[in-house]
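Protein chains in written order, with our numbering: chain A, 73 to 322; chain B, 73 to 322; chain C, 73 to 322; chain D, 73 to 322. Every residue, glycine too, gets a C-beta built ideally from N, C-alpha and C. Here is the structure we will look at.
There are 4 protein chains.
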Amino acid sequence: MAHLDPLLNDLVIANRILAHEEVVDAYGHVSVRHPDRPDRFFLARSLAPELVTHDDIVEFTLDGQPVGQESRALYLERFIHGGIFEARPNVMAVVHAHAEDILPFGIVSATPLRPVIHSGSFLGAHVPIWDIADKFGDTNLLVTNIEQARDLAKCLAGWNVVLMRGHGFAAAARSLIEVVRMAVFLPRNARALLKAHQLGGQIKYLSQGEIDARNRGYGPYSTETWRAWEYWANKAGVGNLVTRPDGTKT
Amino acid sequence: MAHLDPLLNDLVIANRILAHEEVVDAYGHVSVRHPDRPDRFFLARSLAPELVTHDDIVEFTLDGQPVGQESRALYLERFIHGGIFEARPNVMAVVHAHAEDILPFGIVSATPLRPVIHSGSFLGAHVPIWDIADKFGDTNLLVTNIEQARDLAKCLAGWNVVLMRGHGFAAAARSLIEVVRMAVFLPRNARALLKAHQLGGQIKYLSQGEIDARNRGYGPYSTETWRAWEYWANKAGVGNLVTRPDGTKT
Amino acid sequence: MAHLDPLLNDLVIANRILAHEEVVDAYGHVSVRHPDRPDRFFLARSLAPELVTHDDIVEFTLDGQPVGQESRALYLERFIHGGIFEARPNVMAVVHAHAEDILPFGIVSATPLRPVIHSGSFLGAHVPIWDIADKFGDTNLLVTNIEQARDLAKCLAGWNVVLMRGHGFAAAARSLIEVVRMAVFLPRNARALLKAHQLGGQIKYLSQGEIDARNRGYGPYSTETWRAWEYWANKAGVGNLVTRPDGTKT
Amino acid sequence: MAHLDPLLNDLVIANRILAHEEVVDAYGHVSVRHPDRPDRFFLARSLAPELVTHDDIVEFTLDGQPVGQESRALYLERFIHGGIFEARPNVMAVVHAHAEDILPFGIVSATPLRPVIHSGSFLGAHVPIWDIADKFGDTNLLVTNIEQARDLAKCLAGWNVVLMRGHGFAAAARSLIEVVRMAVFLPRNARALLKAHQLGGQIKYLSQGEIDARNRGYGPYSTETWRAWEYWANKAGVGNLVTRPDGTKT
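Structure below.
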């Protein structure tokens, strides 16, 4: 499976970037779908993302079971990834995290989380809030089985991000580089929106047309997207791991 | 007392984690009850927690007196620990600190500090506010004798955390690892709640059932709890000190 | 063009300071007008500012075209700089960035961004808000051609800073050292204003007379201005590059 | 003047602590009165406090003139120190700074800055706001002559801290160690108060009796005070410079 190395390498980078940008801490995780087997995905074993290396990555089926023999502890919430990959064939990468500044938007609903800055456009025009209590009553708030994960995926529907009440968010995208970008800009958009709300007056959200225009122009390996990926990897201390899609080092 | 070494080692780690996570600074302290002598506890001599080593740990009786000959300066507020250990036989570890983001909730009472995020569930459904002035009038706000500490413990009652007006908080738990976790997530829960309040609208607190469900599932050495302990210890530069309860290094 | 070396050296320092002070991250850029050819300016190739070195600097005409043969990727938004240099002959340096704390002031308009602290005086008495949608409808919010840049420059008019709705700001000044200073103090002034607004009551902005008095006393190489430039350069790790205008090292 | 070395050494430490704790940056300064000549004081030459060493310290008369021949640039606002030392014979140390989180309280006056946390008690029950415009009209907001400084000192009167509208604060105390402590806890008290205000409801300030009780118990070299001084010096990288009043190293 040497041909998977660049992808798994990118998954390590994604873990480190999300840790360094404080999207994840001891908790939170990022996964990528298997490029040849759409019914499988890769995710680290239970480990703080900033410590993840190539050897910590485990292959899972969409119901959250490890493909090989696996004696190491696994993330309790790995089902989130499987549930979303199952429901959304075009999604190639998923992040689940507790980034602090998005939490308030899942606790109250009067001010919806929507894009107010251009780098937040990839959230899309609507970010649904999933409350695990609606269907499952009093739980520990964690998504610990595939049934809960499927309900979460149903709430996410065709959107890019779903807030999980009192817990965090899940984000889905067409590539690792895109889902990392989304997860990094999500708290920034949330802070700008909270502060705009504090200043008072009518908030100018991005229009649907602007969101569409930005989506049309997006490319995972465009100069602009790549600049942030490299920059974040450098800051996270894994700049040396960065390899372009054509296999060249940057 | 070599059999106490793992526990005192954990107490050193707890000091360093609380310092690195900015729960304590020059002030604030963490203690653990003596496992064989429930009428005694361990706490550092007067020293900033980030500097505490094994040799700085002192054994105290519950009325705050050092057990052996002790010429070094001691924390003025060591009584807080004794008072809580005395009143609560099941409590094995106590933190007292001034973490900045919890202070506002002790100064005004209109918005009670309660769990709004899953990692805040261990605060419990209610966090009482103790005002030293209610019983002791105009003081320097410090808990400097056992009588004040007993009054504080009475206000804490069976809860896990008590806010101290204009001063800080005290937290009590069944183990060091749990009290550290509680103390780290307490300011985070406070920030999420303040920001939710700023966004406006009805706040969805964790339900009693959710708090109970999380309590039932909690284990001090579960994979998930351990992951954070190790992560925080690494970040605080004492990852090398971490030893599992069975004595193995991680 | 060895006589340009000190200026290009300062442009490198400016990039690093803006990165270290978190005015720019992967995005945002700073330019300086060519001292001998007012119809040209210098700006880095597409690169995160904290990585910019002398070799990354490219010479452009005011319509955003590189002067020499240039195969490296360029900033999409280089037109911002050309547009402002074209419209404002006295402007010698321009910054464009997304500094987080100014974003809210471009999203809502009820609380105008104006100087409330003395170091914010160089913003001037008015900071216009440019909404790209007003003239160009639904775009990706980026300024990607000279027509958009000219419209932005028209909104900036004779002011020093223009907010770009949902995107960031552009700042124009008489020298690199001044535009960097303005860009660093802009978010600080924004934070002080937001918090004053939160405290409630009548806000005391700087008066026009105070803004004028500060402008009269300003010199790019005064002891006070230089102190900050040196301090920021040291913090950004490029203190060794700092050279006084007379060519002496500091 | 070798007997002054411990004091000047402490002044260096004070500069570094204030820089590291982000009370000062490129701007702001701390002074100490000459112990043998109450009509003189020590203050660094114009330099960012984090760079100050023993050799940068200059002796001044109370009207802000250097005592010896001095060719190096001096702080424009050194008059603040002289004005306060002149008006307040018991004051031994002064800080002037722009710490960001106190700025809002000088811009609006609806919510007065007063102690809400025990470590803020040394601000005293009242913090006056001085607006340079009241007497001097439109200025650059800086205190650049002794007349302005005397007016500032008059507004400070017998209090410990005075806010300077749109600019910063000045703090006066009986010792260097006390004025540093005051300057570090001032922004913390300001943040706790702002957030309490945001939570809503009646704010419980420290009572006059509590402020008095804390003042009575204060000693510049008490175990508790010393613990913070040592801790801050260590964090600022000058722990090695710390010497106890009796000349022993810690």
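Interface annotation, I275 (chain C): in contact with chain D, CB-CB separation under 7 angstroms. DSSP places M236 (chain A) within a strand segment (E or B) once states are collapsed to three. Here E93 (chain A) has V256, W304 as same chain residues with Cβ atoms under 7 angstroms from its own Cβ, once five neighbours each way along the sequence are excluded.
Sixteen is the threshold: when 16 or more other Cβ atoms of the shown chains lie within 10 Å of the Cβ of G238 (chain A), as they do, the residue is buried.
One Cα belongs to V104 (chain B), the other to L313 (chain D), and the distance between them is close to 34 angstroms.
Interface annotation for the stretch 176-203 of chain C against chain A: P176, F177, G178, I179, V180, S181, A182, T183, D203, criterion Cβ-Cβ distance under 9 angstroms. Burial of A285 (chain C) is indicated by the presence of at least 16 other C-beta atoms within 10 angstroms of its C-beta. In the structure shown, T297 (chain D) falls within a helical segment according to DSSP collapsed to helix, strand and coil. Nearest in C-alpha terms to H126 (chain D), of all of D:G281, D:L83, D:I201, is D:L83.
Counting every other CB atom within 10 Å of its CB across the protein chains shown gives R144 (chain D) a total below 16, marking it as exposed. Between the alpha carbons of I201 (chain C) and W231 (chain C) lies a gap of roughly 11 angstroms.
At a cut-off of 7 angstroms between C-beta atoms, S294 (chain C) does not count as an interface residue with respect to chain D. Using beta-carbon distances, A285 (chain A) counts as an interface residue toward chain C, with a partner under 7 angstroms. Boundaries of the alpha helix (DSSP H) around H269 (chain D): 248-271.
Against chain D, the beta carbon of G281 (chain C) has neighbours under 8 angstroms at G209, D210, listed in chain order. Looking at B:A116, B:S193, B:L248, B:E149, the one whose alpha-carbon comes closest to that of E219 (chain B) is B:E149. One Cα belongs to V180 (chain D), the other to V188 (chain C), and the distance between them is close to 10 angstroms. Residue environment: G281 (chain C) is assigned as exposed (fewer than 16 neighbouring CB atoms within 10 Å of its CB, all protein chains considered).
Between A91 (chain D) and P138 (chain D) a beta carbon distance of about 23 angstroms is seen, past the 8 angstroms cut, so the two are scored as non-contacting.
Rounded to whole angstroms, the Cβ separation of A205 (chain D) and L271 (chain C) is 20 angstroms, and the two are not in contact under 8 angstroms. In this structure, the CA atom of P107 (chain A) is about 36 angstroms from the CA atom of G289 (chain B).
The beta carbon of G192 (chain B) lies closer than 6 angstroms to those of F257, N261 in the same chain, with the five residues before and after it left out. In the DSSP assignment, L115 (chain C) falls within the unbroken beta strand (DSSP E) covering 112-116. Identification of chain A residues near Q137 (chain B) by a Cβ-Cβ cut-off of 7 angstroms yields none; the smallest Cβ-Cβ distance measures about 38 angstroms. Between the stretch 170-180 of chain A and the stretch 238-253 of chain B there are fewer than three inter-stretch CB-CB distances shorter than 8 angstroms, so the stretches are not counted as touching. Closer than 7 angstroms to the CB of S103 (chain D) there is not a single CB belonging to chain C. By a beta-carbon distance limit of 8 angstroms, A74 (chain C) does not contact A300 (chain A). Their separation comes to about 35 angstroms. In the structure shown, the three-state DSSP call for H101 (chain B) is strand.
By the Cβ-count criterion, S294 (chain D) is exposed, with fewer than 16 other Cβ atoms from all chains shown falling within 10 Å of its own Cβ. DSSP places F194 (chain A) in no alpha helix (DSSP H); its state is neither H nor E. Taking C-beta separations shorter than 6 angstroms and ignoring five residues to either side along the sequence, the partners of R263 (chain D) in its chain run D173, following chain order.
Counting only runs of at least 3 residues, the stretch 104-174 of chain B fully encloses the following beta strand (DSSP E) elements, listed from N- to C-terminal order: 112-116, 129-133, 165-169.
Taking 7 angstroms as the Cβ-Cβ cut-off, the stretch 253-267 of chain B approaches chain A at R260, R263, A264, K267, given in chain order. Nearest CB-CB separation between G309 (chain D) and chain C: not below the 7 angstroms threshold. When Cβ-Cβ separations below 7 angstroms define contact, R299 (chain D) makes contact with chain B.
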